[in-house]
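Taken in sequence, the protein lines are chains A and B. Sequential numbering from 121 applies to the first sequence in the working numbering. Sequential numbering from 121 applies to the second sequence in the working numbering. The C-beta atom is built at its ideal place from N, Cα and C for all residues, glycine as well. Data block below; observations after.
Protein chains: 2
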Amino acid sequence: MTYLPHLNSIFSVDCVIFAFDEGELKILLIERNQDPYGDWFALPGNMVNNDESIDTAAERVLYELTGLKGIYMEQFYTFGDLGRHPKGRIITVAYFAMIRLTNPKELRPVTAYAKNASWVSIKELPELAFDHKSIFEKGFERVKSKISYQPLAFELLPEKFTLTQLQNLYEIILNKKLDKRNFRKKILGYDILKELDEKQKGVSYRAAKLYKFDRRKYSKYFQNELSFSKD
Amino acid sequence: MTYLPHLNSIFSVDCVIFAFDEGELKILLIERNQDPYGDWFALPGNMVNNDESIDTAAERVLYELTGLKGIYMEQFYTFGDLGRHPKGRIITVAYFAMIRLTNPKELRPVTAYAKNASWVSIKELPELAFDHKSIFEKGFERVKSKISYQPLAFELLPEKFTLTQLQNLYEIILNKKLDKRNFRKKILGYDILKELDEKQKGVSYRAAKLYKFDRRKYSKYFQNELSFSKD
DNA sequence: CCAAAAGTGTTTTGTTTACACCCATGG
DNA sequence: CCATGGGTGTAAACAAAACACTTTTGG
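Printed below as a string of structure tokens:
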């Protein structure tokens, strides 16, 4: 690399990790344990190592916090304003991820730079370190606009779900009420759901049918779009 | 920055600069004058300096080659695979720009790293250095999908243009034929064009009315979307 | 007067929206 | 038997697509 100037630049990845929990859309926040912004809430992120791609770095950050691999992640923007980090020029590549919360909701905040990690409703976000508020907002915008033409939503739901659960999730993300009949007509019309021979259990009203997302059907009809989930 | 590892990382910006010329969509390519990929065609790009934001770096690259400022540019993706640069890990942030070619079509390839710069039709692109082919493709995809709901096309046309010119440009970008009456109905229906008291000159057939894009009307109705041109 | 492109409406088709009642289940 | 959400169709409004001829101009 001798012909290139050594700029001592630093770059990192930051992740907006979405989950759907208790009827709310939440993101994973860490509490920082070092300055600057010591004790502040922040998006999970880390430096990119010399021997890993940025995608790998993002997957690593997610894995270190959640123990999950093979999660849908997508790079959405790179933030490189001069003032974004008080200690110098650090460019950060931002990703969003969609994860399916299993019941124990276990997190393992084993990273050196975080003393705690928790799921926080996007409606009650605290102030965030650096420019992480803008990063979150841009990521959420991206999710909102993609959700209408790509099956991102399924990544947040359990494998088997009811149409009402799916509709609720869309309503929360899009922040508007949807008509039940029209919603069902449309989503079933895409023919990307598989109806299961199984019903909801443990509810004190008529049990709803369970469905699962059928990746095979999806890729048959929409093979144009990039794969939206790594198998 | 002492608390952060010094990774000696390097990052750059690369630009896919579009223009509409002789009825074709073209991008600006340079011929490299140093290894690796000496003599190859490549997208214009450069290292990001320590004291500039990535947006500024992209504007600088464009300015150095074309002498133009205040051009619409948009960051679209960051490429950071390990193998993308043979001499080491270089992350590059990619931008596209849309420029209005004035008649002399002058370029000033005054940069140190390029011995020539020229407009090349996207239908006849040569092999490109590094992963620049993928960068171009991703950028073009973005333009194609944005053109339908944001007024990017106007950035490529002269200030005064005919509806047929506008339609041709859409057809070339979308790579499909459009119906003349439907196109006019739709584009006029958005009410973002101003009809001028002026007609085409020097044509040997009925002269068409000239229009210009009316930024004021546009921002009135679509103030949601980010500004698509810096004034 | 001819070649070339400008300009102009209506019909058909498909898509989106609005809207209300009966059904099944658990307690 | 009742409270709760599950499940279902049709009509109206709107948007998109298909389609062909007359007008203007320069040469």
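Note to self: Once the 5 residues before and after A:Gln195 are set aside, which same chain residues still bring their CB inside 8 Å of it?
What the structure shows: Spatial neighbours of A:Gln195 in its own chain (CB-CB distance under 8 Å, excluding positions within 5 residues in sequence) are listed in chain order as Ile174, Asp175, Ala178, Val213, Ala214, Tyr215.
Note to self: If the cut-off is 8 Å on Cβ atoms, which residues from the stretch 185-204 of chain B count as contacting chain A, listed in chain order?
What the structure shows: Here the close residues are Gln195, Tyr197, Thr198, Gly200, Asp201, Leu202.
Notebook entry, point to check: Taking Cβ to Cβ, would you say B:Lys166 is nearer than 8 Å to B:Ser132?
Noted result: Note that residue 166 of chain B is Asn in the sequence shown here, rather than Lys. In this structure, B:Ser132 lies closer than 8 Å to B:Asn166 by Cβ.
Margin query: I need the boundaries of the beta strand (DSSP E) containing A:Glu142, first residue and last residue.
Written below: Following the DSSP letters along the chain, one finds A:Glu142 in no beta strand (DSSP E), marked with neither H nor E.
Notebook entry, point to check: Can you name the residues of chain B whose CB is closer than 7 Å to the CB of A:Ile211?
Noted result: Think of a sphere of 7 Å around the beta carbon of A:Ile211: the chain B residues whose beta carbon falls inside it are Phe131, Ile174, in chain order.
Checklist line | Distance CB(B:Asp311)-CB(B:Lys337) smaller than 8 Å | finding: Contact: yes.
Checklist line | Where the stretch 146-162 of chain A meets chain B: residues whose CB sits under 7 Å from a CB there | finding: Listed in chain order, the positions of the stretch 146-162 of chain A with a beta carbon within less than 7 Å of a beta carbon of chain B are Gln154.
Check: If you draw a straight line from the C-alpha of B:Gln270 to the C-alpha of B:Tyr290, how long is it?
Finding: Going from the Cα of B:Gln270 to the Cα of B:Tyr290 covers about 12 Å.
Notebook entry, point to check: Can you find a CB in chain A that lies within less than 8 Å of the CB of B:Ala139?
Noted result: It does not; no Cβ of chain A falls within 8 Å.
Check: To the nearest whole angstrom, what separates the beta carbons of B:Trp239 and B:Ala139, a pair I think is in contact under 8 Å?
Finding: The C-beta separation of B:Trp239 from B:Ala139 comes to about 6 Å, placing the pair in contact by the 8 Å criterion.
Check: Using the C-alpha atoms, what's the distance from B:Phe260 back to A:Val136?
Finding: For A:Val136 and B:Phe260, the distance between alpha carbons rounds to 26 Å.
Check: Got a sec: is the Cβ-Cβ distance from B:Asn170 to anything in chain A below 8 Å?
Finding: Output row for B:Asn170: interface = yes.
Note to self: Please give me, in chain order, every unbroken run of the beta strand (DSSP E) with length at least 3 that falls completely inside the stretch 256-329 of chain A.
What the structure shows: If you keep only unbroken beta strand (DSSP E) runs of at least 3 residues inside the stretch 256-329 of chain A, you get 313-319.
Check: Does DSSP put B:Lys159 in a helix, a strand or coil?
Finding: Checking the sequence, you will find Asp at residue 159 of chain B rather than Lys. DSSP places B:Asp159 in coil when its eight states are reduced to three.
Notebook entry, point to check: Looking at the structure shown, is A:Ile191 part of a helix, part of a strand, or coil, going by DSSP?
Noted result: Coil, per DSSP.
Notebook entry, point to check: Does the Cβ of A:Gln285 have 16 or more other Cβ atoms within 10 Å, making it buried, or fewer, making it exposed?
Noted result: Residue environment for A:Gln285: buried (at least 16 other C-beta atoms within 10 angstroms of its C-beta).
Checklist line | Distance CB(A:Leu298)-CB(A:Leu316) smaller than 8 Å | finding: No, the Cβ-Cβ distance between A:Leu298 and A:Leu316 is not below 8 Å.
Notebook entry, point to check: Under a three-way DSSP split, which group does B:Glu358 fall into?
Noted result: For chain B, the structure presents residues 121 to 351; residue 358 of chain B sits outside this window and is missing.
Check: Just reading off the beta strand (DSSP E) that B:Ile211 is part of, what are its end residues?
Finding: That run of the beta strand (DSSP E) goes 210-219.
Notebook entry, point to check: Would you report the Cα separation of A:Leu221 and B:Glu151, rounded to the nearest angstrom?
Noted result: So the alpha carbons of these two residues sit roughly 51 Å apart.
Margin query: Taking 7 Å as the limit between beta carbons, can you name the residues of its chain near B:Leu188, skipping five residues before and five after?
Written below: Excluding positions up to five away in sequence, the list reads Leu182, Ile219.
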